[in-house]
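Take a look at the structure below.
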Amino acid sequence: TYREIRSPLTLGSMVFSALLLVENVVALWFYLSPPSMPSAAVEVMMVLQVLETAGIGVLVYVTWR
């Protein structure tokens, strides 16, 4: 964990993960609200957001180990 290592890389990874997680939460909220885009575009963007969220989850898990 960061408390044990005190590495700037670990802290940077945690901040990066947190910012991307916030971005994903906002994007998911936007895509789940009544869309003004065509439904095909919304579906594709939702899949991309889910994949990105999974990647961020892995990054957070690895960072906290």
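So in my numbering, spot 27 of the sequence shown is number 103, and the numbers just go up one at a time. By construction, the Cβ of each residue, glycine as well, lies at the ideal position given by its N, Cα and C atoms. Keep in mind that this is a model prediction, so the values were computed, not measured.
Short Cβ contact (8 Å threshold) for residue i with residue j
i	j	result
Y107	V118	yes
S89	L135	yes
Q125	A94	no
Residue nearest to residue i in terms of C-alpha spacing, selected from the options
i	options	result
V130	I81, N100 and L95	Residue identity differs from the one stated: residue 130 is Ala in this sequence, not Val. Among I81, N100 and L95, the Cα nearest to that of A130 is on N100.
I132	W105, L85 and V91	V91
Status (buried if at least 16 other CB within 10 Å, exposed otherwise) for residue i
i	result
S109	exposed
S115	exposed
Residues near residue i by beta carbon distance below 8 Å, same chain, minus five either side
i	result
E128	L96 and N100
Range of the contiguous alpha helix (DSSP H) that encloses residue i
i	result
A84	The amino acid occupying residue 84 in the given sequence is Pro; Ala does not appear at that position. P84 to L108 is the extent of the alpha helix (DSSP H) around P84.
7 Å CB neighbourhood of residue i in its chain, flanking five on each side removed
i	result
M121	Y107
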